[in-house]
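In terms of full-length UniProt numbering, the sequence shown opens at residue 1 and continues consecutively.
Below: the structure, in structure tokens.
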Amino acid sequence: MTATPHTPHTPSAAAPVTSAVSAPPAIPVTVPATAVTTTASAAASAAASASATPPAPSGGVLHEPVIAWFDEHARDLPWRRPEAGPWGVMVSEFMLQQTPVSRVLPVYEQWLARWPRPADLAKEPPGEAVRAWGRLGYPRRALRLHGAAVAITERHGGDVPTDHAQLLALPGIGEYTAAAVASFAYGQRHAVLDTNVRRVLARAVTGVQYPPNATTAAERRLARALLPEDERTASRWAAASMELGALVCTAKNETCHRCPIADRCSWHLAGKPAHDGPARRGQTYAGTDRQVRGKLLAVLREAVAPVPQAVLDRVWDEPVQRARALDGLVSDGLVEPLPGGLYRLPLT
1 MTATPHTPHT
11 PSAAAPVTSA
21 VSAPPAIPVT
31 VPATAVTTTA
41 SAAASAAASA
51 SATPPAPSGG
61 VLHEPVIAWF
71 DEHARDLPWR
81 RPEAGPWGVM
91 VSEFMLQQTP
101 VSRVLPVYEQ
111 WLARWPRPAD
121 LAKEPPGEAV
131 RAWGRLGYPR
141 RALRLHGAAV
151 AITERHGGDV
161 PTDHAQLLAL
171 PGIGEYTAAA
181 VASFAYGQRH
191 AVLDTNVRRV
201 LARAVTGVQY
211 PPNATTAAER
221 RLARALLPED
231 ERTASRWAAA
241 SMELGALVCT
251 AKNETCHRCP
261 IADRCSWHLA
271 GKPAHDGPAR
281 RGQTYAGTDR
291 QVRGKLLAVL
301 REAVAPVPQA
311 VLDRVWDEPV
321 QRARALDGLV
331 SDGLVEPLPG
341 GLYRLPLT
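Okay, structure coming up:
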């Protein structure tokens, strides 16, 4: 996924145009001295400003120090070990989306102990994936991971495919997850753009504090343009830049004195200008439908038999919000309604 830099056409000098009509005599124009002074001052100011702005670093000057830093400071995480295999990498990528490592670790280890291969998970009803997901949040990811395991078993003989296009064709797999699995599990050359990498590139190359709220085409082009040509180096760069964003170039309280590229980071060299884009608001949880959904699912995960509506009614006092949350869980396929006002985790 390499980006071809756009080379603008350089127009050749145009031939002088002659006219059969003689030009009128030139009219002398007197330019006020103040205008000349103002124009010269503006030009000098623009030149000074341009010279004060450091050029954006190229990929070549970023790769080596970031990868060297990663080799020394990378966390020893189970999905980075050789024994994790492609399935372990895929499971981790599903779990780590919008969830911190500390919360993922125990669930990841339990998951792989129970379902060490995609086929093991595919044999189970989807509700068991939701149950094992526990309190990781965003439980639709559990259904998607179960769907991916079924597809891997049926289409690929139980082996996580190596081809990026085949990964992307799996249910629940988007561009990021396909690129991450191809890169981290198989050492392929792909731009892996998560929130941490986007923040590193925004600061180091673009010179702004934060990337846009949603990934843009320009960010994808930049990430592809910065990829090392060598596959192994590109894979290590993907992991290293992600770790740098997670540990050093963090969203808040960044530690630039620990950064291996602080001396070439556009944002740092410009004096770390403050974010001037749309306000960035943290996600709230208390009192939201997400909280109600979580409480309802917690009851259903602990149950060994279908749960009556009356039991679910006890988890939240506000009836309209509670009903809306339960309806949403049913619509998302996370809860299965049964006759007689009973509910359970899905079996199909």
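For each residue, glycine too, the CB sits at the ideal point set by N, CA and C.
None of the values given here were measured: they were computed from a predicted structure.
Beta-carbon proximity check, residue i vs residue j, cutoff 7 Å
i	j	result
E93	T177	yes
A149	A122	yes
H268	A274	no
L161	L168	Looking at the sequence shown, residue 161 is not Leu but Pro. No, the pair does not count as a contact, with Cβ atoms beyond the cut-off.
R301	R189	no
H146	A129	yes
R140	D327	no
W237	H63	yes
V101	L244	no
T99	G134	no
V197	S241	yes
residue 381	A119	Residue 381 lies beyond the residue range present for the chain, which begins at 1 and ends at 348; the question has no answer from this structure.
M95	V104	yes
L347	P171	no
A211	A217	The amino acid occupying residue 211 in the given sequence is Pro; Ala does not appear at that position. Against a cut-off of 7 Å, the Cβ pair of A217 and P211 comes out as no contact.
V335	L342	no
L193	T215	yes
G277	S235	no
G85	L345	no
L338	L312	no
C249	R199	yes
R293	A325	yes
W79	P260	no
Simplified DSSP assignment, three categories, for residue i
i	result
R81	coil
E72	helix
L342	strand
G59	helix
G88	helix
E64	helix
E254	coil
G333	coil
A35	In this predicted model, A35 has a pLDDT of only 39, less than 50, meaning its place in the structure is not dependable enough to derive any value.
L347	coil
T30	Confidence at T30 is low in this model, with a pLDDT of 41, below 50, so its placement is unreliable and the value that follows should be read with caution. DSSP places T30 in coil when its eight states are reduced to three.
P24	Confidence at P24 is low in this model, with a pLDDT of 38, below 50, so the placement of that residue should be treated as unreliable; the coordinate-derived value is given next. Reduced to three states, the DSSP call for P24 is coil.
C249	coil
Unbroken beta strand (DSSP E) run spanning residue i, endpoints
i	result
E336	336-338
Cutoff 7 Å: residue i Cβ touching any chain B Cβ
i	result
R314	In the structure shown, chain B does not exist; there is a single protein chain.
Do three or more CB pairs link the region 218-227 to the region 58-69 at distances below 8 Å?
yes
Which runs of the alpha helix (DSSP H) fall wholly inside the UniProt domain "HhH-GPD" (95-247) and span at least 4 residues, in chain order?
Listed in chain order, the complete alpha helix (DSSP H) runs (minimum 4 residues) inside the UniProt domain "HhH-GPD" (95-247) are 101-114, 118-122, 126-133, 140-156, 164-168, 175-186, 195-201, 217-225, 231-247.
Ignoring anything shorter than 3 residues, give me the beta strand (DSSP E) runs that lie fully in the region 259-330, in order along the chain.
Runs of the beta strand (DSSP E) lying entirely within the region 259-330 and spanning at least 3 residues: none are present.
Spell out a yes or no on whether the region 275-292 and the region 307-322 are touching, meaning 3 or more CB-CB pairs, one atom from each, closer than 8 Å.
As far as the Cβ criterion goes, the region 275-292 touches the region 307-322, which means the pair count is three or higher.
Is it a yes or a no for the region 202-217 touching the region 104-123, going by three-plus beta-carbon pairs under 8 Å?
no
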